[in-house]
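What follows is one structure encoded as structure tokens, with my remarks underneath.
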Amino acid sequence: MMDRRRFLAGSGALAATAGLPCVAHGQASAVRASRGIAVIGGTYRQLGTQTLSDFLRTVRSRLPEGLDAANSRLKPPHGILAYCGATVWRDKYSLGIAGGHGDSHDDGHYAQDLASGRWEMLLAPSAVASASAVADAYGEWLPNRPASQHSYNHLVTVDDDIVQGVGYAIANASGGSPQAHRWSGATNSWQRYGTGGNFRPVPYTVLHDPVRNRLARFAHESGRSVDVIVDDDPGAAWVTMPTPWWPQISIRASLGHHADLDCFVLIDETVAPGQAWLMDGQDIERGWRRLSVSGTSPIGAANTGLEYVPPMKALAAASLAEPTTLYYLAPTGGQTDPWVWTRERFLGAAPAARWEVNPGVPIAPYGRVKWSSLLHGLVVAKTALAPTEVFTPAAAIAAGRR
30 MMDRRRFLAG SGALAATAGL PCVAHGQASA VRASRGIAVI GGTYRQLGTQ TLSDFLRTVR
90 SRLPEGLDAA NSRLKPPHGI LAYCGATVWR DKYSLGIAGG HGDSHDDGHY AQDLASGRWE
150 MLLAPSAVAS ASAVADAYGE WLPNRPASQH SYNHLVTVDD DIVQGVGYAI ANASGGSPQA
210 HRWSGATNSW QRYGTGGNFR PVPYTVLHDP VRNRLARFAH ESGRSVDVIV DDDPGAAWVT
270 MPTPWWPQIS IRASLGHHAD LDCFVLIDET VAPGQAWLMD GQDIERGWRR LSVSGTSPIG
330 AANTGLEYVP PMKALAAASL AEPTTLYYLA PTGGQTDPWV WTRERFLGAA PAARWEVNPG
390 VPIAPYGRVK WSSLLHGLVV AKTALAPTEV FTPAAAIAAG RR
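Structure below.
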């Protein structure tokens with residue numbers, strides 16, 4: 030078994046907040062003595078100055094065909110984030126594979142360095158990527174490499190690698206593939222990961238269960254099973270685990286893994302506002318159990334994401350209608366004790382970016398709200414048309430001081 034300790038993130042450096050407003054009532058601040066840099070709770074800031082769209086224009090201008098031809102073949106750069114997620118890997122905000130379904134044919138791998146704020150190209154877009162390219166049964170244009178696709182909540186970091194746990198809305202079509210892929214940190218390349226498993230033509234959420242060294246993927250429908258696979262064997266097969274009951278959910282649902290309580294949590298604020306369900310990580314076959322939930326939830330918000338925030342022991346969600354607000358769902362005790370929603374509005378020196386894929390066209394958060402231990406905050410790329418942002422929860426700063 031791989032020694033996971035060498036990949037555990039330390040407490041990390043805290044980000045500078047020059048130019049941010051003064052600390053408001055109820056906010057908390059902290060200073061990391063090793064660097065003397067203040068991080069102000071309840072605020073957001075931009076990460077870097079270059080937008081993803083501008084960076085991709087620079088990348089494409091250096092392709093042999095030139096910028097205009099590349100934009101024509103790959104579609105406008107800002108379309109790459111349509112219905113896509115991200116993951117934090119090697120202290121980078123990685124897009125893994127993105128685009129898809131005609132919004133973008135760009136199959137490159139791009140990531141933003143969280144320390145410097147600079148975007149990087151880890152893998153150039155392929156020469157075959159285009160509207161006419163047809164993906165095969167593995168969801169690939171080229172062997173072992175995933176074609177452009179909506180990544181929804183399909184990306185997860187495992188040790189020094191990234192796993193794309195399932196394919197959907199691939200290439201220029203709406204189809205999918207059960208084939209997973211793994212980005213190897215050692216070789217900086219994609220490879221196929223696993224075989225078999227069920228597949229439903231809907232978005233999924235893929236989550237890592239580090240206690241049992243496995244991945245779990247959940248279809249966004251009222252299904253009756255969960256697929257799992259060990260996380261360190263590319264030749265392994267997905268195993269389907271039957272469950273007795275699922276709530277009535279839609280493709281706009283969100284799922285997260287609460288690491289402290291070793292459980293999965295499910296919400297769908299579009300069809301069941303204010304409700305939540307829990308699945309025990311060690312007893313998946315038992316299925317979902319409804320939780321007792323109170324507080325202010327993101328009612329009506331679709332695909333909010335549920336990102337675990339370790340200092341708060343809470344799951345964070347975002348609403349596309351509220352660009353300066355995050356919601357937190359936290360337990361009051363054990364798995365089946367009541368859970369509580371809280372809401373936090375953030376202050377920032379610059380206007381907050383909007384959740385949009387094209388100018389004026391909104392897009393839900395999906396899996397793009399990601400916790401960074403390096404920045405002690407939630408990294409959020411709402412759009413390719415504005416800089417990425419870092420949101421620092423006040424409670425995360427307060428928890429770090431206790």
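According to the working numbering, the sequence shown holds residues 30 to 431 in order.
Ideal Cβ positions, reconstructed from N, Cα and C, are used throughout, including at glycine.
Small disclaimer: the values here were computed from a predicted structure and weren't measured.
Sorted by chain position, which residues of the same chain lie with C-beta nearer than 6 Å to Ala393's C-beta, five sequence neighbours on each side aside?
-> Ala331, Asn332 and Leu349
State the beta-bridge partners of Thr116 as determined by DSSP.
-> Ser123
Relative to the alpha-carbon of Ala111, which residue among Val235, Ile313, Trp267 and Thr412 has its alpha-carbon at the smallest distance?
-> Thr412
Among Trp219, Pro271 and Leu184, the one whose alpha carbon lies nearest that of Gly226 | Pro271
Do the CB positions of Pro273 and Gly334 come within less than 8 Å of each other?
-> no
Spatial neighbours of Glu8 in its chain, beta-carbon cut-off 7 Å, leaving aside the 5 residues before and after | Nothing can be reported for residue 8, as the shown portion of the chain is limited to 30 through 431.
Pick from Asn100, Val235, Glu351 and Ser155 that is closest to Gly8, judged by C-alpha positions | Only positions 30 to 431 of the chain appear in this structure, which leaves residue 8 out of reach.
Between the C-alpha atoms of Asn100 and Gly131, what's the straight-line distance to the nearest angstrom?
-> 13 Å
Cα-Cα separation, Gln364 to Asp312 = 12 Å
In chain order, what residues of the same chain have a beta carbon less than 8 Å from the beta carbon of Asn217, not counting five sequence neighbours either side?
-> Leu151 and Leu152
Neighbour-count burial assignment, Pro207, 16 or more Cβ in a 10 Å radius | buried
Taking Trp384 as the reference, give the member of Glu351, Val338 and Thr78 with the closest Cα.
-> Glu351
Does the separation of the CB atoms of Pro422 and Leu376 fall below 8 Å?
-> no
State the Cα-Cα distance for the pair Asp261 and Arg243, rounded to the nearest angstrom.
-> 8 Å
Okay, do the segment 125 to 139 and the segment 187 to 204 touch, 3+ Cβ pairs below 8 Å being the bar?
-> yes
CA-CA distance, Gly204 and Ser323?
-> 38 Å
Could you tell me which residues DSSP pairs with Asp190 in its beta bridges?
-> Val187
Whole angstroms is fine: what's the gap from Leu414's alpha carbon to Val231's?
-> 27 Å
Those residues which DSSP pairs with Arg319 across a bridge | Trp306
Go ahead and pull the three-state DSSP assignment for Ala428.
-> helix
Nearest to Val259 (by Cα), restricted to the options Ala248, His249 and Pro239 = Pro239
Which one or two residues does DSSP pair with Glu418 in a beta bridge?
-> Gln75 and Val409
Ordered list of beta strand (DSSP E) runs contained in the segment 148 to 214, each at least 3 residues = 148 to 152, 169 to 171, 184 to 187, 190 to 193 and 209 to 213
Inspect the beta-carbon positions of Asp256 and Arg241 and report whether they are closer than 8 Å.
-> no
Spatial distance of Leu403 from Asp120 (CA atoms) | 7 Å
Pick from Ile328, Thr325, Thr361 and Thr353 that is closest to Lys342, judged by C-alpha positions | Thr361
For the beta strand (DSSP E) holding Asn100, just list the boundary residues, first then last.
-> Unbroken run through Asn100 is the alpha helix (DSSP H), Leu96 to Leu103; no beta strand (DSSP E).
From Ile426 to Val338, what distance separates their C-alpha atoms?
-> 11 Å
Would you list the residues sitting across from Lys399 in a DSSP beta bridge?
-> Val408
What is the rounded straight-line gap between the Cα of Ile280 and the Cα of Ala301?
-> 13 Å
Residues near Lys399 in its chain [Cβ-Cβ closer than 8 Å; skip 5 each side] = Ala115, Thr116, Val117, Tyr122, Glu336, Leu407, Val408 and Val409
To the nearest whole angstrom, what separates the beta carbons of Glu418 and Ala382, a pair I think is in contact under 8 Å?
-> 6 Å
Exposed or buried, what is Ile296 when buried is set at 16 or more other beta-carbons lying within 10 Å of its beta-carbon?
-> buried
Would you check if the segment 103 to 110 and the segment 67 to 78 touch, i.e. whether three or more CB-CB distances between them fall below 8 Å?
-> no
Please state whether DSSP places Thr365 in a helix, a strand or coil.
-> coil
Mind checking Arg91: buried by the 16 CB within 10 Å criterion, or exposed?
-> exposed
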